[in-house]
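The number in this note's numbering is simply the position in the sequence shown, starting from 1, with 131 added. As structure tokens, the structure follows; a few thoughts come after it.
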Amino acid sequence: MKIIDAHAHIGYIGGWADVGITGEELIAQMDRFEIEKTVLCNEDNDITLDMMKRYPGRMIGAVYVNPMNTATVDFMEKYFDLGFKAVKLNPLRHAYCADSEALDPVLEKAQAAGVPVCIHSGHPPYSLPWQIGLLAERHPKVKVMMIHMGHGHGVYIDAALKMARRYSNIWLEMSGMPMPSKIREAYETVGKDRIMFGTDTPFHDPSVELQKVLVSGVEEAGIQRVLYDNAAMFFEIK
Ligand SMILES: [Zn+2]
């Protein structure tokens, strides 16, 4: 079984979360669960860059951008040039609405670079699936990964599926989302190629996240798509 983790963090996340993982611990965890590659982010993009350099072939960098801080938008290209293959946005962390026009320059730059955008979902009033739907609607040429596919609330999870069915440029990532049956529903009604595995390390444990895919009821051939192939296609990993 080949695995790509489509969403993970490196470092310590304080405050209410109080979770963390070092680079060495992340690699050990990847080896333990046979995770070949991890899409990695940190608010300090140079920390992600350091991981990419230390573990070539295993780390896919996602540039962490805060649209409220235009300096972070200005240096997006610099990180694309350094090999980052995605953009990471977290409306909850930086207190902006996912459907805000403030995100347009970020998505325009992502489009120009041909890079997908990964955006946290599931927390009102900032990151609800309908807001991400409006964002994806304005930027139909940008591939948008809805991290957590609505997260912990059943109504939001249902909305994530509805938005992904409506907008063909939305992909879903299942970390932190508690309902295995919704992985199967996404696979069957959104698309076999538009639902992917992630851990959101260090917030969640790979053993739990993997189990959700395995018991989801996704057809046998689909497990490999969810765990590897779909992320490989989405992030254009060769
Ligand atoms: Zn995350």
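Glycine is no exception: its CB is placed at the ideal position from the N, C-alpha and C atoms. Please read all numbers here as calculations on a predicted model, not as lab measurements.
Counted within 10 angstroms of its Cβ, other Cβ atoms place residue i as buried (16 or more) or exposed
{"i": "P255", "result": "exposed"}
{"i": "S347", "result": "buried"}
{"i": "Q342", "result": "exposed"}
{"i": "A243", "result": "exposed"}
{"i": "W302", "result": "buried"}
{"i": "K274", "result": "buried"}
{"i": "E232", "result": "exposed"}
{"i": "R356", "result": "buried"}
{"i": "A202", "result": "exposed"}
{"i": "D331", "result": "buried"}
{"i": "H206", "result": "The identity of residue 206 in the sequence shown is Phe, whereas the question assumes His. Exposed."}
{"i": "Y210", "result": "buried"}
{"i": "R163", "result": "exposed"}
{"i": "M327", "result": "buried"}
{"i": "V339", "result": "exposed"}
{"i": "R315", "result": "buried"}
{"i": "R325", "result": "buried"}
Contact test: residue i Cβ vs ligand 1 heavy atom, cutoff 7 Å
{"i": "D331", "result": "yes"}
{"i": "L278", "result": "According to the sequence displayed, residue 278 carries Ile and not Leu. Yes, ligand 1 has a heavy atom inside 7 Å of this Cβ."}
{"i": "F334", "result": "yes"}
{"i": "H254", "result": "no"}
{"i": "H138", "result": "yes"}
Presumed contact (8 Å Cβ cut-off) between residue i and residue j, rounded CB distance
{"i": "G281", "j": "P260", "result": "5 Å"}
{"i": "V170", "j": "V218", "result": "The Cβ separation is near 11 Å, so there is no contact."}
{"i": "I135", "j": "K184", "result": "The Cβ separation is near 20 Å, so there is no contact."}
{"i": "V194", "j": "P236", "result": "That belief does not hold up - the Cβ atoms of V194 and P236 are roughly 14 Å apart, past 8 Å."}
{"i": "G151", "j": "I144", "result": "6 Å"}
{"i": "I166", "j": "P271", "result": "Not really, about 32 Å apart at Cβ, beyond 8 Å."}
Check: residue i C-beta below 7 Å from any heavy atom of ligand 2
{"i": "H251", "result": "Inclusion of ligand 2 in the displayed structure is not the case, the ligand content consisting of ligand 1 alone."}
Open item on the list: Give the list of continuous alpha helix (DSSP H) stretches no shorter than 4 residues that lie fully inside the region 154-202.
Closed with: 154-163, 176-185
Open item on the list: Could you tell me which whole beta strand (DSSP E) segments of length 3 or greater appear in the region 274-336?
Closed with: Counting only runs of 3 or more, we get 275-278, 301-304.
TODO: Entirely within the region 194-255 and at least 3 residues each: give me those beta strand (DSSP E) ranges in chain order.
DONE: 217-220, 248-251
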